[in-house]
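Numbering (mature numbering (1 follows the signal peptide of the UniProt record, and there is no 0)), first residue to last: -34 to -1, 1 to 257.
We put the CB at the ideal spot given by N, CA and C, even for glycine.
See structure below.
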């Protein structure tokens, strides 16, 4: 009798295992599927209202510029969870039915030359120019800016003395050509490959002033514990747009998303939440330097 029971139990065990396997696999499947993640951003609009063809299925891959407090809050791609442009991207992803934003590092020079791959859009405070349009596609503009003048606190500078100062600019930006054509300094500006090196050079006294997008230098000045101040700006009437490669199929959809966010107040809310507290000053109140 005992032998018979053992044989029956032995025959039943595989059957029980077969019943358990689907349950176990189902449990693993549920645990493996990640919930949508948009960082700390509030996402609005209609999910899936547009369709994007992305380099990573289910995600929007975006190239930022770092450091850029207020726009991308964090020092490295894996630490960024909010900011104006990050949350702009998060809203784009949500409205395109995508589950997350991937922040990727790509060379700024390669991006504006149309040579960078592995991203869907660059949101990097990039000024729209006719020259750049020859090699990349720009979205409709989403922000207007000019060029601020950042110096060490207490530095005396006016429209005449700045011509004799050692100036620092970021590689690939429009301000270098503007300076050479209009300001005409006695010494050629020093060009830096990234903003961190540029600000470090100013702190170290290697340059006397840095010229860069006004919203950005205002943020840097506010966070410098009094080391830096913004003394003025050049009214260059620049507009920023997202950059996509010429072969991207998404330009029309990105333009639709930007138009929607302008209309429904998304950009105004993002500016109020992330830029106003970060800038520490009204850009329009800064003195305008005439070349």
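Bridge partner(s) assigned by DSSP for residue i
i, result
"residue 196", "116"
"residue 103", "210"
"residue 179", "113"
"residue 133", "175"
"residue 3", "66"
"residue 158", "136"
C-alpha distance - residue i paired with residue j, whole-angstrom precision
i, j, result
"residue 191", "residue 119", "10 Å"
"residue 172", "residue 165", "10 Å"
"residue 20", "residue 65", "12 Å"
"residue 162", "residue 249", "22 Å"
"residue 145", "residue 235", "34 Å"
"residue 10", "residue 257", "43 Å"
"residue 143", "residue 238", "32 Å"
"residue 52", "residue 168", "27 Å"
"residue 260", "residue 245", "Examination of residue 260 is not possible in this model, given that the chain is present from -34 through 257 alone."
CB-CB length for residue i against residue j, believed under 8 Å
i, j, result
"residue 111", "residue 204", "5 Å"
"residue 180", "residue 113", "6 Å"
"residue 40", "residue 47", "7 Å"
"residue 214", "residue 57", "No, residue 214 and residue 57 are not in contact; Cβ-Cβ is about 19 Å, not under 8 Å."
"residue 184", "residue 133", "In fact, because the Cβ distance is near 18 Å, the residues do not count as touching under 8 Å."
Exposure label - residue i; buried when at least 16 CB within 10 Å
i, result
"residue 188", "buried"
"residue 55", "buried"
"residue 254", "exposed"
"residue 240", "buried"
"residue 93", "buried"
"residue 101", "exposed"
"residue 34", "buried"
"residue 61", "buried"
"residue 148", "exposed"
"residue 193", "exposed"
"residue 44", "exposed"
"residue 242", "exposed"
"residue 59", "buried"
Counting pairs of beta carbons, one from the segment 19 to 37 and one from the segment 82 to 99, are three or more of them closer than 8 Å? Three or more beta-carbon pairs drawn from the segment 19 to 37 and the segment 82 to 99 are found closer than 8 Å, and the two stretches are therefore classed as touching.
Under 8 Å: do the segment 69 to 87 and the segment 205 to 222 share three or more Cβ pairs, one atom per stretch? Yes, the segment 69 to 87 is in contact with the segment 205 to 222.
So, does the segment 117 to 132 touch the segment 92 to 101, judging by three or more C-beta pairs under 8 Å? Segments in contact, no.
Inspect the CB distances between the segment 221 to 236 and the segment 69 to 80 and report whether three or more fall short of 8 Å. Three or more Cβ pairs closer than 8 Å define a contact, and the segment 221 to 236 falls short of that threshold against the segment 69 to 80.
Contact the segment 193 to 202 vs the segment 152 to 161: 3+ CB pairs below 8 Å: Touching, no.
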